[in-house]
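Here the UniProt record's numbering is used: the first residue of the sequence shown is 1, the next is one more, and so on. Virtual Cβ for every residue (Gly too), placed ideally from N, Cα, C. As the structure is a prediction and not an experimental result, all values here were calculated from the model.
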Amino acid sequence: PGTDLKVTGIDFLKSQNSRLHHTDAYNIKKLVVRRGQAFQIQLNLSRELMATDKLSLRFGIGEKPMKIRGTLMSLNPRRDPDLSGWQISIVKHSGKECLLSVTSSPWALVGKYTLNVKTGTNIYKPEDDAVYLLFNPWCKGECVFLADEAQRNEYVLNDTGYIYVGSAYSIYSRPWNFGQFEELILDACMYLLDKSKLKLSNRKDPVMVSRAMSALVNANDESGVLLGNWSGNYSNGTSPMDWIGSVAILQQYYKTKKPVFYGQCWVFAGVLTTVMRCLGIPSRCVSNFNSAHDTNDNLTVDIYVNEYGEKLNSRSFDSVWNFHVWNDVWMKRTDLPAGFDGWQAIDATPQEQSQGIFQCGPCPLKGVREGEVYLSFDSKFVYAEVNADKVYWLVKKVNGKEKYFKINTETQGIGVNISTKAVGQDKREDITSQYKFPEGSKEERESVQRASSFLHPSGIVPRARFASAVPMAAGYSEPGVSEETVSKSGLQIEITNKEALCPGNPLELAITVKTSTPGNWTINLAGSCQLQSYTGKVEASLGHVKETIKIDGKSETQVPLKIAADTYMKTLASVDDEVLIHVTAIADVQDTNDKLTKETTMRFEYPPITVQMPETAKLNKEFTCAFIFKNKLNVPLDNCKLLVEGLGIFKMATFDEGDVKPGRIIKSEIICTPTRLGEKKMVAKLTSTQVKGISAEKAITIIE
1 PGTDLKVTGI
11 DFLKSQNSRL
21 HHTDAYNIKK
31 LVVRRGQAFQ
41 IQLNLSRELM
51 ATDKLSLRFG
61 IGEKPMKIRG
71 TLMSLNPRRD
81 PDLSGWQISI
91 VKHSGKECLL
101 SVTSSPWALV
111 GKYTLNVKTG
121 TNIYKPEDDA
131 VYLLFNPWCK
141 GECVFLADEA
151 QRNEYVLNDT
161 GYIYVGSAYS
171 IYSRPWNFGQ
181 FEELILDACM
191 YLLDKSKLKL
201 SNRKDPVMVS
211 RAMSALVNAN
221 DESGVLLGNW
231 SGNYSNGTSP
241 MDWIGSVAIL
251 QQYYKTKKPV
261 FYGQCWVFAG
271 VLTTVMRCLG
281 IPSRCVSNFN
291 SAHDTNDNLT
301 VDIYVNEYGE
311 KLNSRSFDSV
321 WNFHVWNDVW
331 MKRTDLPAGF
341 DGWQAIDATP
351 QEQSQGIFQC
361 GPCPLKGVRE
371 GEVYLSFDSK
381 FVYAEVNADK
391 VYWLVKKVNG
401 KEKYFKINTE
411 TQGIGVNIST
421 KAVGQDKRED
431 ITSQYKFPEG
441 SKEERESVQR
451 ASSFLHPSGI
461 VPRARFASAV
471 PMAAGYSEPG
481 VSEETVSKSG
491 LQIEITNKEA
501 LCPGNPLELA
511 ITVKTSTPGN
521 WTINLAGSCQ
531 LQSYTGKVEA
541 SLGHVKETIK
551 IDGKSETQVP
561 LKIAADTYMK
571 TLASVDDEVL
581 IHVTAIADVQ
591 DTNDKLTKET
601 TMRFEYPPIT
611 VQMPETAKLN
621 KEFTCAFIFK
631 NKLNVPLDNC
641 KLLVEGLGIF
651 KMATFDEGDV
661 KPGRIIKSEI
671 ICTPTRLGEK
681 KMVAKLTSTQ
691 VKGISAEKAI
701 TIIE
């Protein structure tokens, strides 16, 4: 018994621990556990453990772990509990084996720890000495605790999902592979934590961690993961449209330690979801349709049109994006007054600096809804994205000078159909009500008034970069007080398409003008059709109509707007982004003050990709998956590329299909060997010179 006690081996009991900690999906050899929850470690000793033996497990984090800084936890099962809130106990010991149970504090620092065991004066360092400690949404004392099992499965454990894009009334889902459990992803997240310059002591706080990650997913400061590019030219990188998930991006970043080219908002949001779920913070992608990008905190976005109803680019710094995607993360806000726990918005797309860095959030959704826009972080910015008003200005040349005439203000068009993937289902959930009260309700008016009192709006004047300051009927207008005068004629405009909008076919559009008040009305109508990218940038003006129509009483008139295919096919082929069809109509009723502007954005319709494979397959047994596409358009698709990925089945692969003539069918096959059990998804995407946005997915269940 007098011989020194030595540790001869250590077993991290990985399969048992990772099952209990919901970390068994991580593709990593080392132990991954969550904080605030017990895990077991078995020690093999040189002799039986005696009552007088000194034994301590030492968990260290950071460059120089020190007890005084809280970065070294020295746990001795026979001494008083450690002040750090970590606990250790001997479960059992017999012969030369000793089974220990360790519970970290629910406020422990999140990250990569090293473990060694001290017995007397001997220190044993295991070969695999790293233990990863993550946030724990399953633990009641944790600030990211999420009570609902189905929500935890979706927002923490689901590694696939959808990001909603398109336009407010033509929403579609883009499949996205988050892949938070794939090889190197956890290490990439640990690298980001180290790179974040967060004090180690802040790593226990999901508020600080999520804010730091919102800055690091973009490469605008401290060379983060992704460089944003909205120019339409992506030749020296990957087009934002060509990603189908976060895995390839984070793996490339971790291997090269250099920013990956290129991202746009849904790519930033997809990668940030991966990073958050990987670290254990519940997260979801949120798409805001008609999203205001306002630069002045004044809650209005100015939109300029010419007399044909064509939108003019680059007049002002603010804009309305067809959609913008950010993230919500779930946590308690101990740093704020009570009542603001739950979902918080964070945004990695570089738009505006916050405290000198391109970062945004976390900002409590309850604060946005109540108009409490002084709450940290970046509440004003998020509030404006979902609540701004659109002010339409007509730009006319008067005696050779541009003058601005206000047409009307629209108070309800911004921040509609806010969407995320539903929990446990492959469908869209509308979460607008979590961001704002119903339009026109008493609560909504109070919220707007509250927000306005913090925003000090400047009077409504056009904010064009080179507006000649025309003495407009400017005057100060109280925000939140609708200026829309009651219309005499009951004027309404509807914009529709009469035929499917397929590339290569003429666009058959129609503008319907209605009045609902008896009387004879003469209406000046201008309508235009343009192609624009999702950020609202006009790529081409395709055609317009300008007519004066007479309507009698409660009736309607339809004005056709037809665009030939060769007018727009060149633009489709010249821009590397997916473009949308944008129709603007302005109407004014003669001899009245009735003026109205209506905008609609529609997307092209594409033939589908079909995925053929069995419904189930056996683990580690080969099966074949085929991707089939028939070009049903009457134009060829040049330089077709098919991108496919199946998490847990095969890595991302690209097939070059060349030019696909009308009517031609292409078929690509991949032979797969599944490595993980459960439901897995195949995602496929086809891009070509003319058409960017065709995607498909199909699920397969892998069984033993």
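{"Check": "Asn288 to Leu100 span [Cα, whole Å]", "Outcome": "49 angstroms"}
{"Check": "Own chain residues within Cβ distance below 8 angstroms of Tyr641, not counting five before or after", "Outcome": "It is worth fixing the name first, because residue 641 is Lys in this sequence and not Tyr. Answer for Lys641: Asp242, Thr654, Phe655, Asp656, Glu657, Leu686, Thr687, Ser688, listed in chain order."}
{"Check": "Every unbroken beta strand (DSSP E) within the stretch 539 to 596, with a cutoff of 3 residues, ordered by chain", "Outcome": "555 to 563, 580 to 589"}
{"Check": "Contact set for Gly60: own chain, Cβ-Cβ below 6 angstroms, skip 5 residues either direction", "Outcome": "Leu72, Thr114"}
{"Check": "Among Pro518, Pro636, Ala215, the one whose alpha carbon lies nearest that of Val275", "Outcome": "Ala215"}
{"Check": "Neighbourhood of Pro607 by C-beta, 8 angstroms cutoff - its chain only, sequence neighbours within 5 removed", "Outcome": "Phe629, Lys630, Asn631, Lys632, Leu633, Ile694"}
{"Check": "Limits of the beta strand (DSSP E) - the one that Phe629 falls within", "Outcome": "623 to 630"}
{"Check": "Distance, Val382 Cα to Tyr404 Cα", "Outcome": "29 angstroms"}
{"Check": "Cut-off 7 angstroms between Cβ atoms - residues of its own chain near Lys67, not counting five sequence neighbours on either side", "Outcome": "Ser74"}
{"Check": "Bridge partner(s) assigned by DSSP for Met73", "Outcome": "Phe59"}
{"Check": "Classification of Tyr262 by the beta-carbon crowding that lies within 10 angstroms, buried from 16 upward", "Outcome": "buried"}
{"Check": "Bridge partners - His324, DSSP secondary structure assignment", "Outcome": "Asn288"}
{"Check": "Three CB pairs or more closer than 8 angstroms across the stretch 232 to 242 and the stretch 194 to 205", "Outcome": "no"}
{"Check": "The stretch 492 to 506 touching the stretch 596 to 611, judged by at least three CB pairs closer than 8 angstroms", "Outcome": "yes"}
{"Check": "Coarse secondary structure for Tyr253, derived from DSSP in three states", "Outcome": "helix"}
{"Check": "Contact belief for Asp328 with Arg284 at Cβ below 8 angstroms, rounded distance in angstroms", "Outcome": "5 angstroms"}
{"Check": "Burial state of Met50, where buried means 16 or more other Cβ atoms lie within 10 Å", "Outcome": "exposed"}
{"Check": "The stretch 244 to 251 contacting the stretch 177 to 185, beta-carbon criterion three pairs below 8 angstroms", "Outcome": "yes"}
{"Check": "Collapsed DSSP secondary structure at Met190 in the structure displayed", "Outcome": "helix"}
{"Check": "Minimum length 3: unbroken beta strand (DSSP E) runs contained in the stretch 395 to 437", "Outcome": "401 to 410, 416 to 421, 428 to 430"}
{"Check": "Own chain residues within Cβ distance below 6 angstroms of His544, not counting five before or after", "Outcome": "Tyr308, Ser528"}
{"Check": "8 angstroms contact criterion, which Cys143 and Thr334 should meet: CB distance rounded", "Outcome": "7 angstroms"}
{"Check": "Rounded Cβ spacing between Arg445 and Glu372 (contact assumed at less than 8 angstroms)", "Outcome": "With 8 angstroms as the limit, Arg445 and Glu372 do not qualify as a contact, their Cβ atoms being about 15 angstroms apart."}
{"Check": "N-terminal and C-terminal residue of the beta strand (DSSP E) that residue 792 is part of", "Outcome": "No answer is possible for residue 792: it lies beyond the span of the chain, which begins at 1 and ends at 704."}
{"Check": "Of the listed residues Lys661, Gln590, Ala348, Ile666, nearest to Lys488 (C-alpha basis)", "Outcome": "Gln590"}
{"Check": "Bounding residues of the beta strand (DSSP E) (the contiguous stretch that carries Gln492)", "Outcome": "492 to 497"}
{"Check": "Integer Cβ distance of Trp138 from Ala108, believed to fall under 8 angstroms", "Outcome": "With 8 angstroms as the limit, Trp138 and Ala108 do not qualify as a contact, their Cβ atoms being about 15 angstroms apart."}
{"Check": "Cutoff 7 angstroms; reference Gly480; Cβ partners in own chain excluding five residues on either side", "Outcome": "Unreliable placement is indicated for Gly480, whose pLDDT of 35 sits below 50; no coordinate value is reported for it."}
{"Check": "Residue 705 versus Gly504, Leu507, Leu525, Glu508, residue with shortest Cα-Cα distance", "Outcome": "The structure shown does not extend to residue 705, since the chain is modelled only from 1 through 704, so no value can be given for it."}
{"Check": "One or two residues paired with Gly9 in a DSSP bridge", "Outcome": "Asn44"}
{"Check": "Where the beta strand (DSSP E) containing Gly367 begins and where it ends", "Outcome": "Looking at the DSSP string, Gly367 is not in any beta strand (DSSP E); the run it does join, the alpha helix (DSSP H), is 365 to 370."}
{"Check": "Backbone secondary structure at Trp393 - three-state DSSP", "Outcome": "strand"}
{"Check": "Option in Pro65, Trp266, Val538 with minimal Cα separation from residue 707", "Outcome": "Because the chain here runs from 1 to 704, residue 707 falls outside it and cannot be looked at."}
{"Check": "Neighbourhood of His582 by C-beta, 6 angstroms cutoff - its chain only, sequence neighbours within 5 removed", "Outcome": "Gln530, Gln532, Thr601"}
{"Check": "Local conformation of Ser223 per DSSP, three classes", "Outcome": "coil"}
{"Check": "Where the beta strand (DSSP E) containing Gln264 begins and where it ends", "Outcome": "No beta strand (DSSP E) contains Gln264, which DSSP labels as neither H nor E."}
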